[in-house]
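In my numbering, the protein residues as written are 3 to 362. Where is the CB? At the ideal position from N, CA and C, for every residue including glycine. Structure first, commentary second.
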Ligand code: HEM
């Protein structure tokens with residue numbers, strides 16, 4: 003109350019307002035003359051601060067910012083991207099864990115695929131690919147959490163080497179299997195090989211630049227983006243399969259021995275594909291056209307996958323290449339470090355291994 007009474011202030015002199023009044027930092031008023039005269043109002047001075055009620059979205063936004071801060075992200079949208087793309091990668095890998103059972107690979111891969119994968123050349127490759135890609139896909143996501151890099155760089159290194167030790171053999175084995183995947187069409191093969199080369203090349207660049215953290219980060223982002231191409235391709239192929247089935251005039255080529263492996267009823271084969279049941283026919287050298295229809299039998303469904311998978315892979319490669327480059331350019335600020343009050347750009351060719359644990 004002392005502060006609100008002009009008489010008491012001048013009496014005590016503690017506020018030090020003389021003829022030349024100066025502002026006191028301890029009073030909410032700029033000068034002595036601004037002090038309210040309580041004698042006029044005789045009311046206690048109460049300030050009520052009304053805060054607007056927090057909306058649910060504000061609460062969510064605060065929770066999001068909190069988690070983003072704890073995980074160490076600098077860009078607002080990085081956590082959202084991690085949830086979306088990392089979630090898709092982990093979700094896909096967990097969803098395909100059922101393929102870790104050999105019986106499921108035989109039963110659940112697209113019709114006709116097991117005809118090739120049961121053979122000695124491909125069998126170990128498909129299983130190495132399935133096991134290694136699922137495990138490495140799950141572990142890869144943790145490499146993109148900045149808090150782990152900053153607070154437990156050793157964990158980042160161990161997990162990184164483990165992920166790569168699985169990802170590279172998985173990609174090589176995937177590429178071996180690609181020779182026969184989905185009919186062994188050149189379109190499918192070339193797309194898988196291109197993706198495989200992109201993955202191994204970027205992973206190699208990432209490893210060789212392990213001490214140049216900015217360059218390392220870019221190549222590792224690319225590696226995971228390219229490794230996820232087949233996931234986007236699987237999504238694209240779903241709509242493409244329905245579109246070509248609705249159009250109704252698409253046919254895929256099947257080799258008779260593979261066709262008869264899928265369609266075991268000889269009468270049915272002789273009715274629908276008589277070339278495959280001719281006496282003395284060389285089944286490995288005779289080919290027939292099978293109509294593509296998602297709601298048809300195993301052969302017809304398999305034809306829709308054969309016809310659309312190569313195209314879907316190419317589309318996915320383009321999307322992932324452009325997408326990851328946009329992300330890398332948008333997050334250039336992550337390639338800066340703090341010197342006093344100034345953010346300075348790191349040169350890519352500077353050996354800044356020390357900053358692995360720094361503000362990045
Ligand atoms: C994180 C990335 C990947 C995961 C989790 C993954 C997982 C799998 C799984 C579980 C299968 C078994 C078939 C199925 O589930 O339908 C499979 C098949 C296959 N994968 Fe991958 N894969 C990945 C990336 C790649 C890459 C980068 C390539 C090529 C370089 C590749 C090539 C293949 C091939 C050719 C097949 C056989 C397709 C078939 O005939 O069904 N995959 N993959």
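Asked                                                                                                                             : Found
Alpha helix (DSSP H) runs wholly inside the region 136-218, at least 4 long, in chain order                                       : 148-153, 155-179, 188-210
Delimiting residues of the alpha helix (DSSP H) encompassing residue 322                                                          : 300-332
C-beta contact flag for residue 222 and residue 208 at 7 Å                                                                        : yes
Own chain, CB closer than 6 Å to residue 184, minus 5 neighbours either side, in chain order                                      : 190, 307, 308, 311
Separation of residue 61 from residue 202, as counted between CA atoms                                                            : 43 Å
Distance cut-off 6 Å: residue 60 Cβ against heavy atoms of ligand 1                                                               : no
Any non-hydrogen atom of ligand 1 closer than 6 Å to residue 232 Cβ                                                               : yes
Bridge-paired residues (DSSP) for residue 292                                                                                     : 254
Proximity below 7 Å, CB of residue 155 to CB of residue 92                                                                        : no
Contact belief for residue 113 with residue 300 at Cβ below 8 Å, rounded distance in angstroms                                    : 4 Å
Proximity test, residue 95 beta-carbon vs ligand 1 heavy atom, cut-off 6 Å                                                        : yes
Residues of its chain near residue 162, where Cβ-Cβ distance is below 7 Å and the 5 sequence neighbours each way are ignored      : 145
Check: residue 194 C-beta below 6 Å from any heavy atom of ligand 1                                                               : yes
The region 98-107 touching the region 238-246, judged by at least three CB pairs closer than 8 Å                                  : no
First and last residue of the uninterrupted alpha helix (DSSP H) at residue 236                                                   : 231-249
Range of the contiguous alpha helix (DSSP H) that encloses residue 66                                                             : 58-73
Under the three-state DSSP convention, the category residue 220 falls into                                                        : helix
Cα-Cα separation between residue 242 and residue 95, rounded to whole angstroms                                                   : 23 Å
Beta-carbon proximity list for residue 27, same chain, < 6 Å, skipping 5 on both sides                                            : Bear in mind that a pLDDT of 45 at residue 27, under 50, signals an unreliable position, so the model cannot answer this.
Beta-carbon contacts of residue 118 that lie in its chain and below 6 Å, excluding the five residues immediately before and after : 124, 182
Heavy atom of ligand 1 within 6 Å of residue 328 beta-carbon                                                                      : no
Segment limits, alpha helix (DSSP H) that includes residue 84                                                                     : No alpha helix (DSSP H) contains residue 84, which DSSP labels as neither H nor E.
Continuous alpha helix (DSSP H) stretch holding residue 108: start and end                                                        : 104-110
Rounded separation between residue 315 and residue 188 - CA only                                                                  : 12 Å
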